[in-house]
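Single-structure report; data block below.
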């Protein structure tokens with residue numbers, strides 16, 4: 016019997032649904048083995064996971080809080096990955112967006128005036144901060160052919176240190192310096208009221224607030240879809256991703272395209288950073304045990320891959336993964352180690368990504384006709400003598 | 331065909347076995363209706379060998395003392411910010427009535443106000459509201475004593491201290507450590523290295539390495555993992571831990587550590603909450619309360635050193651000794667606290683325990699990180 020993996024020439028429609036669903040079912044079966052081996056009931060665990068993520072009172076409210084940054088990070092990754100430009104730096108670009116966005120909020124919010132203005136300033140500043148940070152690996156790639164995976168990744172650490180420095184190790188503009196509490200433990204300066212982003216509260220599940228950032232994320236998804244589907248720019252970027260040589264012959268200006276795509280990717284991540292502050296923390300979070308510990312930017316890469324770089328799919332996946340993350344914290348405790356939560360989440364993500372191979376390839380099992388002469392025998396190593 | 335049938339059979343059998351296992355595990359859930367539900371939230375792993383573990387020991391003590399009357403749980407490795415808020419939301423949904431947050435920056439007054447039916451307590455902070463209390467203890471006293479052990483163990487009078495963040499809590503402990511070392515070894519210096527994290531074994535080890543390379547012959551710490559101690563053990567350097575008895579990680583190097591007995595406080599507060607007599611407040615535990623103490627000594631502490639430490643400890647207990655009593659000089663030699671003046675916990679700005687942002691004389695390094 017011979018097993019071979021072959022590229023599919025034709026991708027049947029039903030596969031695009033069957034493969035993800037099958038992967039998830041497979042993941043739940045594998046995870047069930049792990050759960051049973053650690054003496055947990057898989058059925059009640061999955062039930063709890065689902066309830067805590069989506070159906071329990073106020074669970075959606077918490078899920079949206081995670082889904083919003085994940086959507087931004089997923090879109091940022093998808094925007095670049097589509098051109099096979101691997102910007103791993105959404106995490107750092109988000110920090111920079113948070114820093115510049117907060118600065119704008121503190122500056123313009125403190126000056127009175129109508130609320131939309133400080134918020135608009137935060138949006139623009141946040142996008143700009145992320146954009147500039149993304150341009151560093153962009154320029155290095157475009158002009159010096161430096162591997163953007165490494166440079167963008169390493170800049171995440173630089174951005175993290177900068178974030179911590181601004182709140183913990185300096186008396187910067189972002190740090191709260193007034194009052195005794197501020198000296199006991201470093202905190203960011205709170206945004207003025209008119210710089211706090213409004214949310215839209217629905218009266219379901221005991222209150223579900225959809226943050227302004229979530230709308231921006233959906234808006235960014237629409238824009239990204241339009242750019243990649245309907246514009247010449249998007250077409251050229253896609254061609255460049257698939258075949259740089261063909262793109263060059265077609266006269267695509269490669270450097271310019273790299274810079275532009277990095278800028279778009281960074282701007283989305285930066286907007287995500289501004290949303291973190293405007294929607295949720297309302298002050299720059301420099302605590303290494305805070306924003307930096309969560310790692311939305313890295314999860315965003317998984318979100319992008321699972322959504323196959325399709326902006327709308329990315330938003331949907333961000334929502335589902337947001338629920339999974341949210342539920343993970345509900346599940347863990349003395350009888351359910353946090354590590355096990357990570358294992359289950361890992362199995363689900365791994366299967367979902369691994370299942371992808373089945374939608375592009377098919378596995379063929381062929382049985383060789385019985386041969387009387389063992390033709391393959393000479394190739395096999397002789398059995399060692401006992 | 332035979333082989334395919336066999337494969338199919340195996341697959342069916344496997345899934346049947348799996349289903350059986352799934353249902354076999356179905357009765358493992360343990361609920362305790364009617365019990366008072368209390369949760370602890372940790373910033374690191376519950377078994378970090380340091381800070382979070384000490385809190386978890388406190389939780390287990392409460393569970394043991396109150397038995398089936400309480401149901402306790404913990405959430406570990408929780409990031410401050412949205413993830414923390416989310417955890418509180420899910421605990422609230424599960425009917426938890428009391429939450430101990432064991433790191434400052436976790437709870438804000440706004441969050442406490444959002445859950446008026448939950449009693450919140452936060453370690454090391456200062457934010458108080460109707461349902462938010464704060465608690466911590468005079469570790470500076472016991473850190474001073476552990477500094478004495480370090481001072482007696484040092485031959486060169488050059489010590490090192492691995493520190494987390496340049497914040498008053500850590501600065502005051504580093505100062506207490508240095509003052510203790512100088513009490514035992516006049517003229518001793520303490521070089522400090524910041525790791526910028528409460529729990530980062532790799533960075534803590536690296537910090538200890540750099541201190542040893544700079545000539546420190548005793549290592550102290552104000553971080554949560556025993557990584558610096560494991561390094562010290564490998565180099566044969568004496569080591570003073572912090573916040574948990576971590577002697578098993580470095581049995582030869584271990585001198586002692588300032589540790590907390592959180593359980594005493596937790597039990598008192600949980601009982602009060604159950605009885606309906608809980609009130610918000612600021613608790614600052616002492617040696618006399620049994621809240622702060624020294625961990626058992628390691629082999630490197632001589633009998634003479636033990637006797638001297640015990641003498642100072644006795645004076646602390648009866649109030650005739652306080653390490654943060656003037657005259658106290660800063661790194662530049664400037665007099666910061668006048669003779670006879672005792673530093674207060676909260677009052678006095680930079681000259682209070684909770685506002686201290688300067689190092690005492692003999693500490694090498696910047697208090698700004």
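Residue numbers (our numbering), protein chains in the order written: chain G, 16 to 401; chain R, 331 to 699.
Even glycine gets a Cβ: it sits at the ideal position worked out from N, Cα and C.
Cβ-based burial, residue i [other Cβ within 10 Å; buried from 16]
| i | result |
| --- | --- |
| residue 347 of chain G | buried |
| residue 515 of chain R | buried |
| residue 574 of chain R | buried |
| residue 55 of chain G | buried |
| residue 357 of chain G | exposed |
| residue 168 of chain G | buried |
| residue 105 of chain G | buried |
| residue 215 of chain G | exposed |
| residue 368 of chain G | exposed |
| residue 258 of chain G | exposed |
Any chain R beta carbon closer than 8 Å to residue i
| i | result |
| --- | --- |
| residue 333 of chain G | no |
| residue 405 of chain G | What the structure shows of chain G is the stretch from 16 to 401, and residue 405 of chain G is not part of that stretch, so it cannot be assessed. |
| residue 305 of chain G | yes |
| residue 348 of chain G | yes |
| residue 201 of chain G | yes |
| residue 196 of chain G | yes |
| residue 353 of chain G | yes |
| residue 308 of chain G | yes |
| residue 296 of chain G | yes |
| residue 302 of chain G | yes |
| residue 345 of chain G | yes |
| residue 224 of chain G | no |
| residue 242 of chain G | no |
| residue 171 of chain G | no |
Any C-beta of chain G under 8 Å from that of residue i
| i | result |
| --- | --- |
| residue 495 of chain R | yes |
| residue 526 of chain R | yes |
| residue 547 of chain R | no |
| residue 359 of chain R | The predicted model places residue 359 of chain R with a pLDDT of 40, which falls under 50 and marks its position as unreliable; any figure quoted below should be read in that light. Cβ-Cβ to chain G under 8 Å: yes for residue 359 of chain R. |
| residue 516 of chain R | no |
| residue 408 of chain R | yes |
| residue 613 of chain R | no |
| residue 687 of chain R | yes |
| residue 423 of chain R | yes |
| residue 419 of chain R | yes |
| residue 607 of chain R | no |
| residue 403 of chain R | yes |
Residues bridged to residue i (per DSSP)
| i | result |
| --- | --- |
| residue 216 of chain G | G:224 |
| residue 548 of chain R | R:489 |
| residue 459 of chain R | R:462 |
| residue 403 of chain R | R:369 |
| residue 21 of chain G | G:377 |
| residue 430 of chain R | R:370 and R:451 |
| residue 202 of chain G | Answer by DSSP bridge pairing: none, since residue 202 of chain G is not bridged. |
| residue 519 of chain R | R:488 |
| residue 351 of chain G | G:348 |
| residue 190 of chain G | G:203 |
| residue 571 of chain R | R:587 |
| residue 672 of chain R | R:655 |
| residue 467 of chain R | R:615 |
The ligand SAM heavy atom lying under 7 Å from the CB of residue i
| i | result |
| --- | --- |
| residue 498 of chain R | Questions concerning the ligand SAM fall outside what the structure shown contains, since it holds no ligand whatsoever. |
query: Touch check for the segment 455–463 of chain R and the segment 476–496 of chain R: three-plus C-beta pairs under 8 Å?
result: Cβ pair count under 8 Å is below three, so no.
- prompt: Which runs of the beta strand (DSSP E) spanning at least 3 residues fall entirely within the segment 590–654 of chain R, listed in chain order?
  reply: If we require 3 residues or more, the beta strand (DSSP E) runs fully inside the segment 590–654 of chain R come out as 612–615 and 622–624.
message: Taking contact to mean 3 or more Cβ pairs, one atom from each stretch, closer than 8 Å, check whether the segment 484–502 of chain R and the segment 520–529 of chain R are in contact.
response: Touching, yes.
- request: Check whether the segment 461–480 of chain R touches the segment 607–620 of chain R, counting contact only when three or more Cβ pairs, one atom from each stretch, lie closer than 8 Å.
  value: With a cut-off of 8 Å, the segment 607–620 of chain R and the segment 461–480 of chain R count as touching, because enough Cβ pairs lie within range.
message: As an exercise, report each continuous alpha helix (DSSP H) stretch of at least 4 residues that is fully enclosed by the segment 239–324 of chain G, in chain order.
response: Residue ranges of uninterrupted alpha helix (DSSP H) with 4 or more members, entirely inside the segment 239–324 of chain G and ordered along the chain, are 247–257, 259–264, 269–290, 306–309 and 311–321.
message: Tell me whether the segment 222–236 of chain G and the segment 284–302 of chain G touch, counting them as touching only if at least three CB pairs, one residue from each stretch, are closer than 8 Å.
response: At 8 Å Cβ cutoff, the stretches touch.
Three CB pairs or more closer than 8 Å across the segment 545–553 of chain R and the segment 601–611 of chain R: The answer is no - the segment 601–611 of chain R does not touch the segment 545–553 of chain R, with fewer than three Cβ pairs under 8 Å.
- prompt: Quick check: the segment 200–207 of chain G against the segment 249–268 of chain G, are there 3 or more CB pairs under 8 Å?
  reply: No, the segment 200–207 of chain G is not in contact with the segment 249–268 of chain G.
- request: Entirely within the segment 117–180 of chain G and at least 4 residues each: give me those alpha helix (DSSP H) ranges in chain order.
  value: As for any alpha helix (DSSP H) of minimum length 4 sitting wholly inside the segment 117–180 of chain G, the runs are 131–159, ordered along the chain.
query: When the Cβ atoms of the segment 581–592 of chain R are set against those of the segment 377–396 of chain R, are three or more pairs found closer than 8 Å?
result: In short, these stretches touch, since the Cβ pair count reaches three.
- prompt: Is the segment 307–316 of chain G in contact with the segment 246–255 of chain G, if contact means three or more CB pairs nearer than 8 Å?
  reply: The segment 307–316 of chain G makes no contact with the segment 246–255 of chain G, as fewer than three CB pairs between them are under 8 Å.
- prompt: Quick one: any contact between the segment 423–435 of chain R and the segment 349–366 of chain G, if contact means 3 or more CB pairs under 8 Å?
  reply: With the cut-off at 8 Å, the segment 423–435 of chain R and the segment 349–366 of chain G do not touch.
- prompt: Are at least three pairs of beta-carbons, each pair with one atom in the segment 501–514 of chain R and one in the segment 277–290 of chain G, less than 8 Å apart?
  reply: In short, these stretches do not touch, since the Cβ pair count stays below three.
- prompt: Counting Cβ pairs closer than 8 Å, one from the segment 42–62 of chain G and one from the segment 298–306 of chain G, do we hit at least three?
  reply: In short, these stretches do not touch, since the Cβ pair count stays below three.
query: For the 8 Å Cβ check, are there 3 or more pairs between the segment 388–402 of chain R and the segment 363–378 of chain G?
result: Because the criterion of three Cβ pairs below 8 Å is not met, the segment 388–402 of chain R and the segment 363–378 of chain G do not touch.
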